[in-house]
Amino acid sequence: MTFATSNEWKPRYFDIGVNFSDSMFQGCYNGSTTPKHPSDIEQVIARAHLFNVDKMLITASSIKESEEHFDLCKEHPGMFYSTVGVHPCTVAQEFYQKDEELNEYTESLVPDVENRLSKLRDLVKLGYEKGYVKAFGEIGLDYDRFHYASKEQQITMFTKQLEVISTLKDLKLPLFLHMRSACDDFISIIKPFIDRGDILKGNGVVHSFTGTKEELEKLLELGFYIGINGCSLKTDDNLEVTKMVPKSKLMIETDSPWCEIRKSHASYKYITTYPNKFYPEIKLKDREPSVEESNGTQEQGKQKQKQKQTPKQPQIKFDEFLPFPTIKKENFAKHQSAVETLAKQKGVENMVQPIGEFAYPLIRSRNEPIFVGYVAEIMCELYGIKDPKDIESFIDLIYDNTCKLFQI
Numbered sequence: 001m002t003f004a005t006s007n008e009w010k011p012r013y014f015d016i017g018v019n020f021s022d023s024m025f026q027g028c029y030n031g032s033t034t035p036k037h038p039s040d041i042e043q044v045i046a047r048a049h050l051f052n053v054d055k056m057l058i059t060a061s062s063i064k065e066s067e068e069h070f071d072l073c074k075e076h077p078g079m080f081y082s083t084v085g086v087h088p089c090t091v092a093q094e095f096y097q098k099d100e101e102l103n104e105y106t107e108s109l110v111p112d113v114e115n116r117l118s119k120l121r122d123l124v125k126l127g128y129e130k131g132y133v134k135a136f137g138e139i140g141l142d143y144d145r146f147h148y149a150s151k152e153q154q155i156t157m158f159t160k161q162l163e164v165i166s167t168l169k170d171l172k173l174p175l176f177l178h179m180r181s182a183c184d185d186f187i188s189i190i191k192p193f194i195d196r197g198d199i200l201k202g203n204g205v206v207h208s209f210t211g212t213k214e215e216l217e218k219l220l221e222l223g224f225y226i227g228i229n230g231c232s233l234k235t236d237d238n239l240e241v242t243k244m245v246p247k248s249k250l251m252i253e254t255d256s257p258w259c260e261i262r263k264s265h266a267s268y269k270y271i272t273t274y275p276n277k278f279y280p281e282i283k284l285k286d287r288e289p290s291v292e293e294s295n296g297t298q299e300q301g302k303q304k305q306k307q308k309q310t311p312k313q314p315q316i317k318f319d320e321f322l323p324f325p326t327i328k329k330e331n332f333a334k335h336q337s338a339v340e341t342l343a344k345q346k347g348v349e350n351m352v353q354p355i356g357e358f359a360y361p362l363i364r365s366r367n368e369p370i371f372v373g374y375v376a377e378i379m380c381e382l383y384g385i386k387d388p389k390d391i392e393s394f395i396d397l398i399y400d401n402t403c404k405l406f407q408i
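With the UniProt record's numbering, you'll find the sequence shown wraps up at 408, consecutive numbering, no jumps.
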């Protein structure tokens, strides 16, 4: 394997966990159907691409999402890939009958459960043929959230979905796995499939890992890769476990719009300010001076007089680390108004700029693929990787291993 030399190197990121079906990317938050801002998926994508997030795996939680994501992959060829599968927290509403009086799901499967599983199988085949589908998932167990699906429902449908992908083992499609507080049951269910050869050993990633050292060791024994995001980096105990992940088995993700790295997280102190190795400097073309600026260079006295009469400029609050404005979701319209005022005062005609005060704002508390570089930087710190060339090799290794697993 060869890596680019330092003078021409730039990071390449593959975010293996992006939830673009989430309503936050449509401007809707906390279950509301009233948007706080317009749909901004394209702006989020452009910003990620600007900072070298070259590829993203768009994860599915339901049959509907599994199918809908094909359109995103078609619109962004070579950058977006998708999964097919039903999340453990979604299996109740997807596969089980509902008691309308009690407003809860029963333990009885829907009559057409086999048709729904066949639909999953057909989507895998179709998506694979089109080059979109690169993993089967997100499937697994989540024992922290039984309010979405019971233990029995999760176990049943994890098993049935593994049976589905076992019928397509000639595709050698990797698994995109979810495991929360359920390691023993998780392994007892999946290991027989591996032992029989229905699933290739190591052909999958356990994403958003938050488990213990012992759980990590058990998953590594099965050969799985480990996906790390903000949820994996919350506490000092998390960090002690995370740094035990072999570099050769590491993948990085955001799980956006969830799992952001917050100020309260033990890992937050390792993030440094742009520009740096993980977020190289973006060179902007010099803009033409405005008429007011040109006149001002010729008439300094008049310029000073005008400055005294100029209204106070709106203050644009920037992200702590990256060169973008940051706003609360409810302040989107207010921010846009402030930017328009600032542009008029500065004589700026082109308000669409990739970075700086006129760039599209980050929405506070909403994670985005652009932040995957934070995970890379934190992991370098945990591994003790300091030398610039070693950082380059490390980031390249993660990217290459990810492409290898997903057959890209």
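Glycine is no exception: its CB is placed at the ideal position from the N, C-alpha and C atoms.
Assignment of residue 134 by DSSP, reduced to helix, strand and coil, places it in the strand class. Contact between the stretch 258-277 and the stretch 378-385 is present: three or more C-beta pairs spanning the two stretches fall below 8 Å.
Listed in chain order, the non-local C-beta contacts of residue 65 below 7 Å within the same chain comprise 21, local neighbours out to five positions each way being set aside. If you draw a straight line from the Cα of residue 187 to the Cα of residue 338, it is about 54 Å long. Residue nearest to residue 148 within the set 166, 87, 281, 357 is 87 (criterion: CA-CA distance). When only Cα atoms are considered, residue 373 and residue 128 end up about 29 Å apart.
The residue from 264, 205, 240, 99 with its alpha-carbon nearest to that of residue 223 is 205. By the neighbour-count criterion, in which 16 or more other beta carbons inside 10 Å mark a residue as buried, residue 352 falls on the exposed side. Only residues of its own chain outside the window of five on either side were considered, and among them 174 have a CB closer than 6 Å to the CB of residue 203, listed in chain order. A residue is called buried when at least 16 other Cβ atoms come within 10 angstroms of its Cβ; residue 117 meets this threshold and is buried.
Beta-bridge pairing by DSSP links residue 98 to 105. Shortest Cα-Cα distance from residue 108 to any of 146, 153, 126 involves 153. Separation of residue 220 and residue 144 (C-alpha to C-alpha, rounded to the nearest whole angstrom) is 22 Å. By the CB criterion at 9 Å, residue 234 and residue 264 fall inside the cutoff. In the three-state reduction of the DSSP assignment, residue 341 falls in the helix class, which pools H, G and I. Here residue 229 really is in contact with residue 259; their C-beta atoms are around 4 Å apart, less than 8 Å. A direct Cα-Cα distance of roughly 44 Å separates residue 177 from residue 315. For residue 84 and residue 341, the gap between their C-alpha atoms comes out near 46 Å.
The beta carbons of residue 48 and residue 368 sit about 7 Å from each other, so the pair counts as a contact at 8 Å. Using a C-beta cut-off of 8 Å, the stretch 355-371 makes no contact with the stretch 90-101, since fewer than three inter-stretch Cβ pairs fall below that distance. Taking a contact to require three or more Cβ pairs closer than 8 Å, the stretch 325-336 and the stretch 34-43 qualify as touching.
Distance from the CA of residue 311 to the CA of residue 8, rounded to the nearest whole angstrom, comes to 45 Å. The residue among 393, 355, 89, 14 with its C-alpha nearest the C-alpha of residue 284 is 355. One thing to note: residue 198 has its Cβ within 9 Å of the Cβ of residue 169. Per DSSP, reduced to three states, the secondary structure at residue 264 is coil, with no helix or strand assignment.
For residue 373, the enclosing alpha helix (DSSP H) starts and ends at 372-383. About 5 Å separates the CB atoms of residue 329 and residue 363; that is less than 8 Å, so the two are in contact.
For a cut-off of 8 Å, the C-beta gap from residue 14 to residue 402 is around 4 Å, short enough to register as a contact. Around the beta carbon of residue 103, a 10 Å sphere encloses fewer than 16 other beta carbons of the protein chains shown; the residue is thus reported as exposed.
If you compare the alpha carbons of 210, 241, 251 with that of residue 227, the shortest gap goes to 251. According to DSSP, residue pairing for residue 18 in a beta bridge involves 58, 256.
The C-beta separation of residue 133 from residue 82 comes to about 6 Å, placing the pair in contact by the 8 Å criterion. Around the beta-carbon of residue 92, 16 or more other beta-carbon atoms lie within 10 Å, marking it buried. When the Cα atoms are used, residue 193 and residue 323 turn out to be separated by approximately 48 Å.
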